[in-house]
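Visitor:
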Amino acid sequence: MEHYDGENDYMQQEDDWDRDLLLDPAWEKQQRKTFTAWCNSHLRKAGTQIENIEEDFRDGLKLMLLLEVISGERLAKPERGKMRVHKISNVNKALDFIASKGVKLVSIGAEEIVDGNAKMTLGMIWTIILRFAIQDISVEETSAKEGLLLWCQRKTAPYKNVNIQNFHISWKDGLGFCALIHRHRPELIDYGKLRKDDPMTNLNTAFDVAEKYLDIPKMLDAEDIVGTARPDEKAIMTYVSSFYHAFSGAQKAETAANRICKVLAVNQENEQLMEDYEKLASDLLEWIRRTIPWLENRLPENTMQAMQQKLEDFRDYRRLHKPPKVQEKCQLEINFNTLQTKLRLSNRPAFMPSEGKMVSDINNAWGSLEGAEKGYEEWLLNEIRRLERLDHLAEKFRQKAAIHEAWTEGKEDLLQKRDYETASLSEIKALLKKHEAFESDLAAHQDRVEQIAAIAQELNELDYYDSPSVNARCQRICDQWDALGAMTVKRTEALQRTEKLLETIDQLYLEFAKRAAPFNNWMEGAMEDLQDTFIVHTIEEIQGLSTAHEQFKATLPEADKERQAILGIHNEIAKIVQTYHVNMAGTNPYTTINPQEINAKWDKVRQLVPQRDQALIEEHARQQNNERLRRQFATQANVIGPWIQTKMEEIGRISIEMHGTLEDQLTHLRQYEKSIINYKPKIDQLEGDHQLIQEALIFDNKHTNYTMEHIRVGWEQLLTTIARTINEIENQILTRDAKGISQEQLNEFRASFNHFDRDHSGTLGAEEFKACLISLGFDIANDAQGENEFSRIMSVVDPNRMGTVTFQAFIDFMSRETADTDTADQVMASFKVLAGDKVRYTELLRKPNNPQQGIGREKISEILWDRPNQSGKKIKWFIFLNLSEKYEMRFYLSPQINILQIVDQPENCNRCTLAVTISFLGDKLQWNL
């Protein structure tokens, strides 16, 4: 009990009464009411109560009675006197009892209690409440106040708007008390209807329900708690501890009732298990008693069917009847063990079954059953094996006899046939081989006949019930076997005699076949070749066919000699047949060719030879005419094809070189067009020759690479090209006259366009067009603004988004961009007037750039001219120079640029640019030289 002094702090609260001279009036009121109700809740068990807490405990009698009720112990006999000393004695006995419980009383003496000191009396009662109502509360290794608080938090955790953190303001809204009641007795309070903003209703509801249904006296009024900013902690703890003990006591009572019910249920279950065991044991033993005699019956059966029925009955026993009994036996043992375990756990004596129904008794009976079962099974299997052996031998005899009889069926008729008398040699040899195979088969069947006899003998020895029929059948088989042997020898001799007679004729047949077959194939091939329809395209091919035909005619005399020899072999065969009266059953077995067929094919070959001669002569003449037509067409095509190609190249050069004015170029092109049109008759003549070639079905011509289709396409392209070029010149003239473009500008545009038209297709791709514009002085930067400007220009020159720019579209665009601009000479003249004596630099830039003669960039980077104009603005020129074969001068008139700028180009830059920047009247002029 000493731990309350060190670990628990509830006694520390006693010091508060010593240090604080006065209690808060509201708290004192709450404590009086709460402590009085708490004391009366215990004193009423002794049939008394108090009205005034400081007056009714002054004589110590009710104080001692309270301690006896709450502790369950007897205190020393109280003094019954009315004097002060008697009262002090009684109070000291009570205080000594409290101290004996390990409670340290500080500054509380018997005199203060006897004198009715309210502060000390309340402190003493609070000490008693802590020791006997709160100290023993323990929740998860916490006790006293912390344990009570943790219990409240656990019980109210599922409820909304309830957050118990202490024993004062956490209880002001009344929801904490209602939650404790609802958690244990949900039927007493409709918690869902409670509101946090109505604490009076909540508190009254909780206090009334606790007093009415939980036997917890009303220790506080709702007004005491709501009307106080911070309710008294001791009063709340006292009230809450009453709830704890009320619910804890109810739970203990319920646990005790459940324990009693459980014990009764266990006893009933044990009784039922005992009854079930007795019944199961009796039923199982009775079944074993009935089954063992059936298993010990060893009366044999004479037929396999009867024994199989016994075996099937035994299998039904094993499959249907025994498994449920095995389950019953297993369940019986389980129930017995379970029952014994339950009885042992309940401290009850072990179950003793009736005599003869112990588990050991059942196991012994079951062992006898399995022994009888094993013996019965072995007897069944042995009997079945014995009957199976007899049935197997009988079935084996029947099978072998049936196989032998099936094999011998028809064999006697076969051996007695005289089919060899009309057979050919090959058929005789086949009959001999077949007969040899039969003899081998006959020898092989000798073992089967011996096996049949041996089985019949074994069946006789085993006294088989059907032995007479087995013996009769065995005798028939043996007699038939002896007859087959004699007939086999007789047929062998007849076949061998016939074979020798036909061998001579067969040799002649074979020789005839060997020589007639290749000769017949040669004649068939010759007829096929002589009648084959040939298709040739050149005179060389027909000459080759004629040569091969002459070689074939040279082989005919030797072929006729071979024909005569083959016919002589056939005549010799006919002579032998007639002389020895051989009965020939058919024709030559080695071939289907006969002398009549050979003679007929020979006559056909002789007829086809002159017909082939005439066909070759006619084809030779036709191929000579085709060769003439090929040469005639090739002679003209080899001239016209190169002429068209040359004219196409010349037109291309005319459109690029730009000699003279546009009118001169147009006149020259029209004259060129006229000369081309005058060439048309030669094309028509070539068309006529091509028509003759097509009619002759000539498909190739080794004398030329040109076809009529090539010539036609080239001619059409030539006419189209000259017409398109003339049209372009005419459009350029119209553009020049309409836009006021000079011939020099047009030449410059054409030169730039041709320069970037790398593939000479007459069009520029997007990148080629962009490079061309830059070469002409357009300022297209490599940034987003420059790309947007170039996209705008492409939409003008390529409205259909084909990705290419024609020369006409290029001229139209340049004519719009250069309208009303001055020529280079005009600009140079203006430049000389403005530059004065410094014009030498401009002239220098027109000369070929020779690194040895030219000037360096550092000498050009000075201001060439600087003087005010009429408007008072200064004009500054800036020059940027790099080495290149082409010179370009740009004039920029912009008032925004008024300081010297020098562009430092990379060393590998291959472009030379003269850039002159002039601030003049806010205008901008760009020109390229």
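Its first residue numbered 1, the sequence shown is counted upward by one per residue in UniProt numbering. Think of the CB as a built atom: it goes at the ideal place given N, C-alpha and C, for glycine as much as any other residue. Because the structure is a prediction, the values reported are computed rather than measured.
Alpha carbon to alpha carbon, how far is R612 from E541?
Guide: What you label residue 612 is simply residue 612 of the sequence shown in a count that begins at 1. What you label residue 541 is simply residue 541 of the sequence shown in a count that begins at 1. One C-alpha to the other measures close to 16 Å.
Visitor: Could you tell me the boundaries of the alpha helix (DSSP H) in which V114 lies?
Guide: Taking the sequence shown and counting its residues from 1, one reaches residue 114 at position 114. It spans 110-114 - the alpha helix (DSSP H) in which V114 sits, taken as one unbroken run.
Visitor: Would you report the Cα separation of D798 and N788, rounded to the nearest angstrom?
Guide: Reading the sequence shown from its first residue, position 798 is the one you call residue 798. Reading the sequence shown from its first residue, position 788 is the one you call residue 788. Going by the C-alpha atoms only, they are around 15 Å apart.
Visitor: State buried or exposed for F465, treating a residue as buried only when at least 16 other CB atoms are found within 10 Å of its CB.
Guide: Position 465 of the sequence shown, counting from 1, holds the residue named residue 465. In the sequence under discussion, the amino acid at residue 465 is Tyr, which differs from the Phe named in the question. So Y465 ends up on the exposed side.
Visitor: Grab me the residues of D276's own chain with a C-beta within less than 8 Å of its C-beta, minus the 5 sequence neighbours each way, in chain order.
Guide: Against the sequence shown, residue 276 aligns to sequence position 276. Excluding residues within five positions, the ones whose Cβ falls inside 8 Å are N335.
Visitor: Taking the CB atoms as reference points, tell me whether L284 and T338 lie closer together than 8 Å.
Guide: For this step, residue 284 is matched to residue 284 along the sequence shown. For this step, residue 338 is matched to residue 338 along the sequence shown. No. Outside cutoff.
Visitor: For Q331, which of V359, L320, A483, R476 has the nearest alpha-carbon?
Guide: The sequence position of residue 331 within the sequence shown is 331, counting from 1. Among V359, L320, A483, R476, the Cα nearest to that of Q331 belongs to V359.
Visitor: So L280 packs on E328, CB below 8 Å; how close in whole Å?
Guide: The count along the sequence shown starts at 1 and reaches residue 280 at position 280. The count along the sequence shown starts at 1 and reaches residue 328 at position 328. Sure, about 6 Å apart at Cβ, within 8 Å.
Visitor: So what's L719 in DSSP terms, helix, strand or just coil?
Guide: Translated into positions along the sequence shown, residue 719 becomes position 719. Reduced to three states, the DSSP call for L719 is helix.
Visitor: According to DSSP, is L188 helix, strand or coil?
Guide: Position 188 of the sequence shown, counting from 1, holds the residue named residue 188. If DSSP states are grouped into helix, strand and coil, L188 belongs with coil.
Visitor: Taking the CB atoms as reference points, tell me whether L734 and I676 lie closer together than 8 Å.
Guide: Here the question's residue 734 lines up with position 734 in the sequence shown. Here the question's residue 676 lines up with position 676 in the sequence shown. The answer is no: Cβ separation not under 8 Å.
Visitor: By how many angstroms is the C-alpha of E112 removed from the C-alpha of E28?
Guide: Working through the sequence shown from its first residue, we reach residue 28 at position 28. Working through the sequence shown from its first residue, we reach residue 112 at position 112. If you take the alpha carbons of E28 and E112, they lie about 17 Å apart.
Visitor: Which two residues bound the contiguous beta strand (DSSP E) that contains L764?
Guide: The residue you call residue 764 lines up with position 764 of the sequence shown. Here the beta strand (DSSP E) through L764 covers 763-765.
Visitor: Provide the residue span of the beta strand (DSSP E) that contains V805, from first to last.
Guide: If you number the sequence shown from 1, residue 805 lands on position 805. 804-806 is the extent of the beta strand (DSSP E) around V805.
Visitor: Assuming K429 contacts E499 under a Cβ cut-off of 8 Å, what Cβ separation, rounded to an integer in Å, is found between them?
Guide: Position 429 of the sequence shown, counting from 1, holds the residue named residue 429. Position 499 of the sequence shown, counting from 1, holds the residue named residue 499. Contact holds; Cβ gap of about 7 Å.
Visitor: Strictly by DSSP, which residues pair up with T142?
Guide: As a working mapping, residue 142 is identified with position 142 in the sequence shown. Answer by DSSP bridge pairing, in chain order: V139.
Visitor: Helix, strand or coil: how does DSSP classify D413 here?
Guide: As a working mapping, residue 413 is identified with position 413 in the sequence shown. Reduced to three states, the DSSP call for D413 is helix.
Visitor: Taking N747 as the reference, give the member of E528, A738, L776, L495 with the closest Cα.
Guide: Here residue 747 refers to the residue found at position 747 when the sequence shown is read from its first residue. For the residues E528, A738, L776, L495, the minimum Cα distance to N747 belongs to L776.
Visitor: Hey, how far is the Cα of G525 from the Cα of F519?
Guide: Residue numbering aside, residue 525 sits at position 525 when the sequence shown is read from its first letter. Residue numbering aside, residue 519 sits at position 519 when the sequence shown is read from its first letter. Their backbone Cα atoms lie some 10 Å apart in a straight line.
Visitor: Tell me whether the segment 233-240 and the segment 287-305 touch, counting them as touching only if at least three CB pairs, one residue from each stretch, are closer than 8 Å.
Guide: no
Visitor: Just mark D232 as buried or exposed, buried being the case when its beta carbon has 16 or more other beta carbons within 10 Å.
Guide: Counted from its first residue, the sequence shown places residue 232 at position 232. Buried: at least 16 other Cβ atoms inside 10 Å.
Visitor: Within 10 angstroms of its Cβ, does A406 collect 16 or more other Cβ (buried), or is it exposed?
Guide: As a working mapping, residue 406 is identified with position 406 in the sequence shown. By the neighbour-count rule (16 or more Cβ atoms within 10 Å), A406 is not buried but exposed.
Visitor: Taking the alpha carbon of E730 as the point to measure from, which residue in N782, E695, N701, R670 has its own alpha carbon closest?
Guide: As a position in the sequence shown, residue 730 is number 730, starting the count at 1. E730 has its Cα closest to that of R670, out of N782, E695, N701, R670.
Visitor: Report the option in A235, K119, L214, K104 whose CA atom is closest to the CA atom of N166.
Guide: On the sequence shown, position 166 is the one that residue 166 refers to. Closest in C-alpha terms to N166, from the list A235, K119, L214, K104, comes A235.
Visitor: Under DSSP, the alpha helix (DSSP H) around H760 begins and ends at which residues?
Guide: On the sequence shown, position 760 is the one that residue 760 refers to. Neither: H760 is in no alpha helix (DSSP H) and is coded neither H nor E.
Visitor: Can we say the segment 507-523 touches the segment 559-574, given the rule of at least three CB pairs closer than 8 Å?
Guide: The segment 507-523, when compared against the segment 559-574, does touch it at the 8 Å Cβ threshold.
Visitor: Give the DSSP-derived three-state secondary structure of M83 in the structure shown.
Guide: The count along the sequence shown starts at 1 and reaches residue 83 at position 83. Of the three classes helix, strand and coil, the one that applies to M83 here is coil, per DSSP.
Visitor: Who are the Cβ neighbours of T121 in its own chain at under 7 Å, not counting the five residues just before and after it?
Guide: For the purposes of this step, residue 121 is taken as residue 121 along the sequence shown, with counting starting at 1. Around T121: I53, E54, F57, I113.
Visitor: Compute the distance between the beta-carbons of L149 and I164, then report whether it is under 8 Å.
Guide: Position 149 of the sequence shown, counting from 1, holds the residue named residue 149. Position 164 of the sequence shown, counting from 1, holds the residue named residue 164. Yes, these two residues count as a Cβ contact at 8 Å.
Visitor: Just how far apart, CA to CA, sit W522 and T555?
Guide: Taking the sequence shown and counting its residues from 1, the one referred to as residue 522 is at position 522. Taking the sequence shown and counting its residues from 1, the one referred to as residue 555 is at position 555. In a straight line, the C-alpha of W522 is about 11 Å away from that of T555.
Visitor: Classify V489 as buried or exposed, calling it buried when 16 or more other Cβ atoms lie within 10 Å of its own Cβ.
Guide: Position 489 of the sequence shown, counting from 1, holds the residue named residue 489. Label assigned to V489: exposed.
Visitor: Could you say if the segment 199-217 and the segment 170-183 meet the contact criterion of at least three C-beta pairs nearer than 8 Å?
Guide: yes
Visitor: Any heavy atom of the ligand ADP inside 7 Å of the beta-carbon of K434?
Guide: Among the components modelled here there is no ligand, and therefore nothing to report on the ligand ADP.
Visitor: If you pair each beta-carbon of the segment 65-78 with each one of the segment 34-47, do three or more pairs fall below 8 Å?
Guide: Taking 8 Å as the limit for Cβ pairs, the verdict is that the segment 34-47 does touch the segment 65-78.
Visitor: Quick check: what's the CA-CA separation for W294 versus E312?
Guide: For this step, residue 294 is matched to residue 294 along the sequence shown. For this step, residue 312 is matched to residue 312 along the sequence shown. Approximately 14 Å between the Cα atoms of the pair.
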